[in-house]
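Student:
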Amino acid sequence: MAIVNVTDQTFASETAEGLVLADFWAPWCGPCKMIAPVLEEIDGEMSDKVQIVKLDVDENQETAGKFGVMSIPTLLLFKDGNVVDQVIGFQPKEALVELINKHA
Numbered sequence: 001m002a003i004v005n006v007t008d009q010t011f012a013s014e015t016a017e018g019l020v021l022a023d024f025w026a027p028w029c030g031p032c033k034m035i036a037p038v039l040e041e042i043d044g045e046m047s048d049k050v051q052i053v054k055l056d057v058d059e060n061q062e063t064a065g066k067f068g069v070m071s072i073p074t075l076l077l078f079k080d081g082n083v084v085d086q087v088i089g090f091q092p093k094e095a096l097v098e099l100i101n102k103h104a
């Protein structure tokens with residue numbers, strides 16, 4: 001599966017089922033740019049376990065506000081629509097893989 005860009009309108013439906021890692025980011029954010037290729041790698045290797053979605057917080061402030069996202073990147077891990085884990089800031093690939101496997 002490819003990484004899906006979501007909006008305030010599509011966020012709930014895209015995170016409703018299965019394991020979904022949501023990346024709250026913005027185009028001007030340096031650490032967000034650093035984590036993007038890490039997420040691409042994880043998507044390529046673990047798409048059978050987790051769906052990755054990206055939400056631009058500048059364009060979708062309603063969803064970011066709903067989940068209390070104050071700094072980016074914030075990664076929220078959803079399982080069947082509920083937040084089960086959260087990490088803030090750049091994370092190495094190993095840490096994210098461990099996070100996903102913990103809930104897969």
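Residues in the sequence shown are numbered consecutively from 1, following UniProt numbering.
Every residue, glycine too, gets a C-beta built ideally from N, C-alpha and C.
Just so we're clear, the structure is a prediction, and the values are computed from it rather than from any experiment.
#1: By Cβ distance, which residues of its chain are closer than 8 Å to Leu19, with the 5 residues on each side in sequence left out?
#2: Give the straight-line distance between the Cα atoms of Leu91 and Met46, rounded to the nearest whole angstrom.
#3: Measure the alpha-carbon distance for Pro27 versus Ala36 and round it to whole angstroms.
#4: How far does the beta strand (DSSP E) with Ala64 in it extend, from its first residue to its last?
#5: Give me, in chain order, the residues of the same chain whose beta-carbon lies closer than 6 Å to that of Thr7; leave out the 5 immediate sequence neighbours on both sides.
#6: Do Leu75 and Asp23 have their C-beta atoms within less than 8 Å of each other?
#7: Determine the direct distance from the alpha carbon of Lys93 to that of Val38, and round the result to whole angstroms.
#8: Starting from Pro79, follow its DSSP beta bridges and name the residues at the other end.
#9: If you draw a straight line from the alpha carbon of Leu55 to that of Trp25, how long is it in whole angstroms?
Tutor: Inspection of the coordinates gives the following:
#1: Lys49, Val50, Gln51, Leu77, Phe78, Lys79, Ile100, His103 and Ala104
#2: It should be noted that the sequence gives Gln, not Leu, for residue 91. So the alpha carbons of these two residues sit roughly 17 Å apart.
#3: 11 Å
#4: Where Ala64 is concerned, there is no enclosing beta strand (DSSP E), although the alpha helix (DSSP H) it sits in stretches over Gln61 to Lys66.
#5: Asn60
#6: yes
#7: 6 Å
#8: According to the sequence as given, residue 79 is Lys; it is not Pro. Lys79 pairs with Leu19 and Asn82.
#9: 6 Å
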